[in-house]
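Throughout, the numbering used here is defined as the position within the sequence shown, counted from one, plus 218.
Ideal Cβ placement from N, Cα and C applies to all residues, glycine included.
Everything on this sheet refers to the single structure shown next.
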Amino acid sequence: MEERQTNIKVGAGLDESRLNQDFIDFLKKWSMPVLLVILAGSAAMLGLRKWGEYKAGQVDQAFLQLDQAEVSGKPENLLRVAEEHSGQRAIPYLASLQAGDTFLKAARRRIAPGFDLKPDGTPIETEALLSDTQRTEYLGKAGAAYQSVFDRAKGNPDHALHTINALFGIAAVAEAKDDFDGASRAYTDIAARATAAGMPTLAAIADERRTSLTEIQTAPRLYAASE
219 MEERQTNIKV GAGLDESRLN QDFIDFLKKW SMPVLLVILA GSAAMLGLRK WGEYKAGQVD
279 QAFLQLDQAE VSGKPENLLR VAEEHSGQRA IPYLASLQAG DTFLKAARRR IAPGFDLKPD
339 GTPIETEALL SDTQRTEYLG KAGAAYQSVF DRAKGNPDHA LHTINALFGI AAVAEAKDDF
399 DGASRAYTDI AARATAAGMP TLAAIADERR TSLTEIQTAP RLYAASE
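Shown next, in the form of C-alpha cells:
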C-alpha cells in the first residue's frame, strides 16, 4: 500500500485535468468545422446520386419518346426527338437516321408516310401520292437527316457505325437522284472508314454497291400501273 502511494505522481490530477481541458478546447475549436465538412461531403454524395438518377430518368424518357416516334411513322416526330434529346447518348443519331430512312422510303414508293394502304399497295387516300416536286423535297429531307448525323459523328471513333450508316443513307439518296458519282464517293468513303474501324463486312458491302452502280444506271425503267 505504501509502495503504491509512493508511485503516485505529485500533481498527476492537475495534469489529467489540464489534458481534459485541452481536449475540450480542441473540440470547441474544431468540432464545428469538421462537422460542416462532413455535412458538406454527405450533401455532395447525395447530390451526385440524385443527379445520376435524374440523368438516368432522362435517358429512359428519351428512348421512350424515340420508340413512340418510330411507331407513329412520321419522320417529323423523329426529328423532334433528335432535337429535344441532342445530348442523350445515341438518341439524336438513331432518331435522325430513322427519319432519313422514312423520308427515303416514301420518296422511293412515291407515297407519303403515315397513310394506310390497300392490299395491292396503293394508298387509300389519293393525297398520299407524291408528285415529282414532293418526291424531290422528300429526298432533300432524307439527305439532310443523314448529313446531320454524318457531320456530328464523323470525328468521334465511338460513333463510327453511326457515321457509316449515315454515309449509306447519303449514297442511297444520291442513287435516287441519279447522282451516281456522288453515290460512288460515299461508298468509297464508307469502305475506308469501315476498314479503319475494323468492320470488314461493311467495307465489302460498300465496295460491292459501288461496283454495281454501273448496272443500276442501265437498269430498265419501272412503269407505273397507269402506264
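Alpha helix (DSSP H) runs contained entirely in the segment 351-421, provided each spans 4 or more residues | 378-394, 398-414
Any idea what DSSP makes of Ile423, helix, strand or coil?
-> helix
Using only alpha-carbon positions, find the residue among Ala287, Leu431, Gln316, Ile408 that is nearest to Leu379.
-> Ile408
Same chain, Cβ closer than 7 Å to Phe368, neighbours up to 5 away in sequence not counted = Thr381, Ala384, Leu385, Ile388
Taking DSSP as the reference, what is the three-state secondary structure of Tyr272?
-> Per-residue confidence for Tyr272 stands at a pLDDT of 47, beneath the threshold of 50, marking its modelled position as unreliable; no derived number is given.
Host alpha helix (DSSP H) of Leu315 (start-end) | 309-327
Does the segment 333-344 come within contact of the segment 309-319, defined as at least 3 CB pairs closer than 8 Å?
-> no
Helix, strand or coil for Leu347 per DSSP?
-> strand
Three-way DSSP call (helix, strand, coil) for Gln435 in this model | helix
Residues that Pro341 bridges to, as DSSP identifies them | Leu335
Boundaries (first-last residue) of the alpha helix (DSSP H) holding Ala300 = 293-302
Between Ile331 and Pro375, which are expected to be in contact by the criterion C-beta below 8 Å, what is the C-beta distance as a whole number of angstroms?
-> Note that residue 331 is Pro in the sequence shown here, rather than Ile. Actually they do not touch by this definition, with Cβ atoms about 33 Å apart.
Reducing DSSP to helix, strand and coil, say where Ser290 ends up.
-> helix
Hey, does Leu284 have any beta-carbon neighbour from chain B nearer than 9 Å?
-> In summary, chain B is missing from the structure at hand, where a single protein chain is found.
In its own chain, which residues sit with a C-beta less than 6 Å from the C-beta of Phe321, not counting the 5 before and 5 after it?
-> Pro293, Tyr356, Lys359, Ala360
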